[in-house]
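Heads up, the thing below is written out as structure tokens.
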Amino acid sequence: MTLSTLQKRTKSTGARLSAAAVALLAVTALTACGGDDSSDGDTTAAATTDAVASGAEGADSAAGAELSEVLQDYQTKAEELGYEDCMASPDPATGMTGLACFGTENPELDPFNLYDREEAGSGEEVAEKALETLLDADEIGSMTRETSGNYYRPVDGDDVAGTCTDTAQKCEKVIGDLGLEIGLLDGALSEEEREERAAEESDRIAEEERAKAEKEEAERQEELQTYSGWDDLDAAKEQLSAWGVSCSEDSDREGEVAFCKLDSVVVAYDTGIDELEEEGLFREVDRDTMVSVSDDDWTVMCSPGADDVCDLVAEKTGKSVKDEV
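Residues 202 to 526, numbered by my numbering, are exactly what the sequence shown covers, in order.
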């Protein structure tokens, strides 16, 4: 579920929620969309509904409240920036009514809320309360100050204080365009720190996967040292490779014939040697000079000078080297 969808649903019910409440919805949307476990997002969304319900109950009376001249000026500026929905909105966490703006049709316009400084104190105080509301609603404990605090950016000006919900990471531009200053809550990670943490986590996962793959390959290679029969030519090639003998299949006899060690070794699987001779397999070398090792389904044939391969295969498979093919 996107922030835009949440905002439209909020409007369709007639509820004018506070910016802190919508900020809570915004981060819940991020959790529901991008979390590792979608059920976590659903659980947090349910908690969010309870957390903001008190704000919706008193929404009708607050919707008619008038903003101070200062906040009206910021409403005009916000609308000039493209914010379609700006309103007087109650904050259930503080009881204050301030200006809440949402870029419903533009996901890059992060939602923000502003209050008169005399009433709000500072942007840090407003952002802290918004974060507390989120963390209190997180029954499963999947969110922390470090990971979620960076979405609540304190906003300060000469006459106003508030917070911007950095769902699209555009708060710095938006708040800068309004002529206000934006900060970061203590303990929250900056965008650079988030990227660094993400890169570190990505490297850690990649290293774990690499180590796991290496371990599995080592175990596989260890298994391949023990002969237990070859089900097909691919199995033969794989085990021979583990024994240090690389082979490639004959393109004309795939699944039946492979050549190894510069074609001085031939592996035949489930095919007759006489048939191969008729096809010219021994044209380059005299069949009578070759030695071989065989089992029920396969035969490894070695030309003079490659006897060591047949000796190796015999040792590994428990078979014997024959002075004939």
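Ideal Cβ placement from N, Cα and C applies to all residues, glycine included.
Residue i to residue j span [Cα, whole Å]
i: Glu479; j: Asp487; result: 13 Å
i: Ala469; j: Ala459; result: 7 Å
i: Val501; j: Ala412; result: 35 Å
i: Pro308; j: Ala414; result: 40 Å
i: Ala507; j: Lys462; result: 8 Å
i: Arg421; j: Arg398; result: 34 Å
i: Tyr275; j: Asp378; result: 11 Å
i: Glu258; j: Glu267; result: Caution is warranted here: a pLDDT of 42 is assigned to Glu258, below 50, making its placement in the model unreliable, and the coordinate value is therefore given only provisionally. For Glu258 and Glu267, the distance between alpha carbons rounds to 19 Å.
i: Glu409; j: Lys278; result: 50 Å
i: Gln370; j: Glu418; result: 42 Å
i: Ser290; j: Ala301; result: 6 Å
i: Ala338; j: Lys330; result: 12 Å
i: Arg395; j: Ile406; result: 16 Å
i: Glu439; j: Asp464; result: 17 Å
i: Asp475; j: Val446; result: 25 Å
i: Glu270; j: Asp359; result: 14 Å
i: Gly473; j: Ala400; result: 57 Å
i: Arg403; j: Asp453; result: A small fix is needed here, since residue 403 is Ser in this sequence, not Arg. Whole-angstrom Cα-Cα distance: 45 Å.
i: Ser343; j: Lys416; result: 32 Å
Beta-carbon gap between residue i and residue j smaller than 8 Å
i: Val356; j: Phe313; result: yes
i: Arg346; j: Ala328; result: no
i: Val510; j: Val466; result: yes
i: Asp496; j: Lys520; result: yes
i: Leu282; j: Gly299; result: no
i: Leu332; j: Leu385; result: no
i: Glu424; j: Leu434; result: no
i: Glu285; j: Glu306; result: yes
i: Leu381; j: Asp317; result: no
i: Trp444; j: Leu513; result: yes
i: Leu335; j: Ser349; result: yes
i: Ala321; j: Gly388; result: no
i: Ile383; j: Glu373; result: yes
i: Asp471; j: Glu455; result: no
Own chain, CB closer than 6 Å to residue i, minus 5 neighbours either side, in chain order
i: Tyr428; result: Lys517 and Thr518
i: Val494; result: Val501, Cys511, Val514, Ala515, Lys520 and Val522
Residues near residue i in its chain [Cβ-Cβ closer than 7 Å; skip 5 each side]
i: Asp367; result: Asp311, Asn351, Tyr352 and Arg354
i: Met491; result: Met502, Cys503, Ser504 and Val526
i: Met297; result: Tyr316, Glu320 and Ala321
i: Gln426; result: Ala443
i: Asp524; result: Val492
Limits of the alpha helix (DSSP H) - the one that residue i falls within
i: Arg395; result: Glu392 to Leu425
i: Glu455; result: Taken as a continuous stretch (DSSP letters only), Glu455 belongs to no alpha helix (DSSP H), as it is neither H nor E.
i: Ala369; result: Segment: none, Ala369 is in no alpha helix (DSSP H) and carries neither H nor E.
i: Gly324; result: Gly324 to Ala338
i: Glu439; result: Leu434 to Ala443
i: Tyr275; result: Glu270 to Leu282
Limits of the beta strand (DSSP E) - the one that residue i falls within
i: Gly388; result: Unbroken run through Gly388: none, as it is neither H nor E.
i: Tyr353; result: Tyr353 to Asp357
i: Thr364; result: Val361 to Thr366
Chain D contact for residue i (CB, 8 Å cutoff)
i: Leu434; result: Given the protein chain composition of this structure (a single chain), no chain D is represented.
Spatial neighbours of residue i in its chain, beta-carbon cut-off 8 Å, leaving aside the 5 residues before and after
i: Ser391; result: Asn351 and Leu385
i: Val375; result: Leu282, Leu310, Asp311, Phe313 and Cys365
i: Gly481; result: none
i: Arg484; result: none
Restricting to runs no shorter than 4 residues, where is the alpha helix (DSSP H) found entirely within the stretch 284-322? Taking only runs of at least 4 residues, the alpha helix (DSSP H) segments lying wholly in the stretch 284-322 are 318-321.
Alpha helix (DSSP H) runs wholly inside the stretch 461-523, at least 4 long, in chain order: Taken in chain order, the whole alpha helix (DSSP H) runs of length 4 or more contained in the stretch 461-523 are 474-479 and 508-518.
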